[in-house]
Amino acid sequence: MLTIWGRNTSSNVMKVLWLCDELGLPFRREDAGGAFGRTKEPAYLAMNPNSTVPTIVDADGTVVWESNAILRYLCASQEALYPATPRRRAVVDQWLDWQQTSLNVRMSTLFLGLIRTPEAQRDQAALATARDQAEGLFGILEGQLEGQLEGRDFVAGDFSIADIAMGPVLHRWFALPIARAEQPRVRAWYERLLARPAYARHCAGALT
Ligand SMILES: N[C@@H](CCC(=O)N[C@@H](CS)C(=O)NCC(=O)O)C(=O)O
Numbered sequence: 041m042l043t044i045w046g047r048n049t050s051s052n053v054m055k056v057l058w059l060c061d062e063l064g065l066p067f068r069r070e071d072a073g074g075a076f077g078r079t080k081e082p083a084y085l086a087m088n089p090n091s092t093v094p095t096i097v098d099a100d101g102t103v104v105w106e107s108n109a110i111l112r113y114l115c116a117s118q119e120a121l122y123p124a125t126p127r128r129r130a131v132v133d134q135w136l137d138w139q140q141t142s143l144n145v146r147m148s149t150l151f152l153g154l155i156r157t158p159e160a161q162r163d164q165a166a167l168a169t170a171r172d173q174a175e176g177l178f179g180i181l182e183g184q185l186e187g188q189l190e191g192r193d194f195v196a197g198d199f200s201i202a203d204i205a206m207g208p209v210l211h212r213w214f215a216l217p218i219a220r221a222e223q224p225r226v227r228a229w230y231e232r233l234l235a236r237p238a239y240a241r242h243c244a245g246a247l248t
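Numbering (our numbering) for the sequence shown: 41 to 248.
What follows is the structure, encoded as structure tokens:
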């Protein structure tokens with residue numbers, strides 16, 4: 041059976057749990073990272089030298105780390121979630137990379153600063169900058185969603201791992217105690233994701 045290593049409070053682990061739930065893939069999860077430690081143990085480092093979560097070990101022993109690479113690996117044969125057609129696949133890939141290199145950078149600053157840092161130790165200037173930048177990035181998503189057809193109104197058209205990669209931080213964006221510009225298409229997308237039981241189960245809990 042597939043093993044997922046990682047605490048379920050990590051947005052990068054949440055993606056993998058949500059995808060497995062959407063696909064009905066059986067898995068077992070091993071707590072690791074944060075207060076659970078284990079990621080610096082030699083056995084873990086032999087799987088993932090970055091000492092981060094998630095890491096997966098498939099039934100045949102295949103090990104994969106980097107959450108978006110894990111999403112691609114798990115649904116390589118799922119046309120609906122990761123299209124095979126190069127043109128459609130490129131659109132999903134572009135948003136997967138954008139999530140890691142743009143959106144997640146600002147959202148990590150906000151989440152770690154506001155939820156995991158005592159108030160007195162917060163870098164308010166960095167938080168303000170990250171909020172402004174994140175709002176601009178959600179503005180890009182607002183524009184992307186505006187161009188989608190009804191019924192194919194996810195980030196890359198049909199529901200895909202692009203939505204799964206962004207879903208955990210999308211919930212944080214709406215749950216964090218911050219000001220947000222009105223972005224009705226982003227809000228409606230969030231509500232469409234919340235209507236999916238697997239998203240609600242894995243990604244939309246209290247922020248800890
Ligand atoms: N780009 C990596 C980032 C992995 C990462 O930084 N994970 C965080 C949790 S979201 C982590 O391992 N933090 C250290 C820990 O939990 O001990 C991925 O997407 O898998």
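All residues carry an ideal CB built from backbone N, CA and C; glycine is no exception.
Only a predicted model underlies this, so the values are computations on that prediction, with no experimental measurement involved.
Point to revise | Inter-residue Cα distance where the pair is C243 and H211 | key: 7 Å
Per DSSP, what kind of secondary structure is L42 in: helix, strand or coil? strand
Query - C-beta contact flag for M147 and V209 at 8 Å - result: yes
- prompt: Near W58, what residues of its chain come up, given a Cβ to Cβ distance below 7 Å and the 5 sequence neighbours on each side ignored?
  reply: I204, G207, A238, Y239, H242, C243
Report buried or exposed for E62, applying the criterion of at least 16 other Cβ atoms within 10 angstroms of its Cβ.
buried
Proximity test, T157 beta-carbon vs ligand 1 heavy atom, cut-off 7 Å: no
Give every residue of the same chain whose Cβ lies closer than 7 Å to the Cβ of A196, excluding the five residues on either side of it in the sequence, and list them in chain order.
V131, V132, W135, A202
Checklist entry - Mapping DSSP to helix, strand and coil, what is G153? => result helix
Could you check what DSSP says for F178 in three-state terms: helix, strand or coil?
helix
Report buried or exposed for T79, applying the criterion of at least 16 other Cβ atoms within 10 angstroms of its Cβ. buried
### Query
DSSP state of F199, grouped into three classes?
coil
* So which of G64, L216, E81, Q188 has the shortest CA-CA distance to L154? -> L216
- Find out if the Cβ-Cβ distance for the pair A166, T149 is shorter than 8 Å. yes
### Task
Go to V53, then tell me how far its beta strand (DSSP E) extends in each direction, as first and last residue.
Element bounds for V53: not the beta strand (DSSP E) but the alpha helix (DSSP H), 51-63.
Notebook entry, point to check: Going by DSSP, what residues sit across from S229 in a beta bridge?
Noted result: Contrary to the premise, residue 229 reads as Trp rather than Ser in this sequence. According to DSSP, which records beta bridges pairwise, W229 is partnered with nothing at all.
For chain D, check one thing: does any of its Cβ atoms lie closer than 8 Å to the Cβ of A83?
No chain D is present in this structure, which holds just one protein chain.
Can you confirm whether the stretch 93-104 touches the stretch 42-49 when touching is taken to mean that 3 or more C-beta pairs between the two stretches lie within less than 8 Å? yes
Straight-line CA distance for E159 to L152?
11 Å
Is S107 near ligand 1, judged by its Cβ being under 7 Å from some heavy atom? yes
Tell me whether D193 counts as near ligand 3, meaning its Cβ is closer than 7 Å to at least one heavy atom of that ligand.
-> With respect to ligand 3, the structure shown offers nothing to examine, as its ligands consist of ligand 1.
Shorter than 7 Å, the distance from the beta carbon of R162 to the closest heavy atom of ligand 1, or not?
no
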